[in-house]
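Reading through the structure tokens given below for one structure.
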Amino acid sequence: VEDKKPIHLATYAYELASAFSYFYHQCPVLTAEEPVMRARLLLVKSVRITLEKSLALLGIPSPEIM
Numbered sequence: 214v215e216d217k218k219p220i221h222l223a224t225y226a227y228e229l230a231s232a233f234s235y236f237y238h239q240c241p242v243l244t245a246e247e248p249v250m251r252a253r254l255l256l257v258k259s260v261r262i263t264l265e266k267s268l269a270l271l272g273i274p275s276p277e278i279m
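Here the sequence shown is numbered in my numbering, starting from 214 and rising by one per residue.
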């Protein structure tokens, strides 16, 4: 924020999306057993919220579904 360079936020959002994509392809979410499934669902929700807020700060609308 101090140096007013949105590239930092854009880079963060991109790296988070990339890391999440890798996770999602390596770790089943809905077919995992409890309590692992619940933990993974919370992670998915957290990433969605973080990416949504990051994109909003950059003035980019986030998609409703993927």
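Glycine included, every Cβ here is placed at the ideal spot set by N, Cα and C. As the structure is a computational prediction, the values presented were derived from the model and not from experiment.
Report task. To the nearest angstrom, report how far apart Phe236 and Val242 are at their CA atoms. Result -> By one-based count along the sequence shown, residue 236 stands at place 23. By one-based count along the sequence shown, residue 242 stands at place 29. Whole-angstrom Cα-Cα distance: 10 Å.
Report task. Go ahead and pull the three-state DSSP assignment for Glu228. Result -> As a working note, residue 228 is residue 15 in the sequence shown. Here Glu228 carries a helix assignment [DSSP, helix/strand/coil].
Query raised in the report: Can you give the Cα-Cα distance for Ala232 and Thr263, rounded to whole angstroms?
Result: Reading the sequence shown from its first residue, position 19 is the one you call residue 232. Reading the sequence shown from its first residue, position 50 is the one you call residue 263. Near 13 Å, if we compare the C-alpha coordinates of Thr263 and Ala232.
Report task. Rounded to whole angstroms, what's the CA-CA distance from Arg253 to Asp216? Just pull it up for me. Result -> As a position in the sequence shown, residue 253 is number 40, starting the count at 1. As a position in the sequence shown, residue 216 is number 3, starting the count at 1. Between Arg253 and Asp216, the C-alpha separation is close to 35 Å.
Query - Backbone CA spacing between Leu222 and Pro274 [nearest angstrom] - result: Stepping through the sequence shown from its first residue, residue 222 is reached at position 9. Stepping through the sequence shown from its first residue, residue 274 is reached at position 61. Leu222 and Pro274 have their C-alpha atoms some 15 Å from each other.
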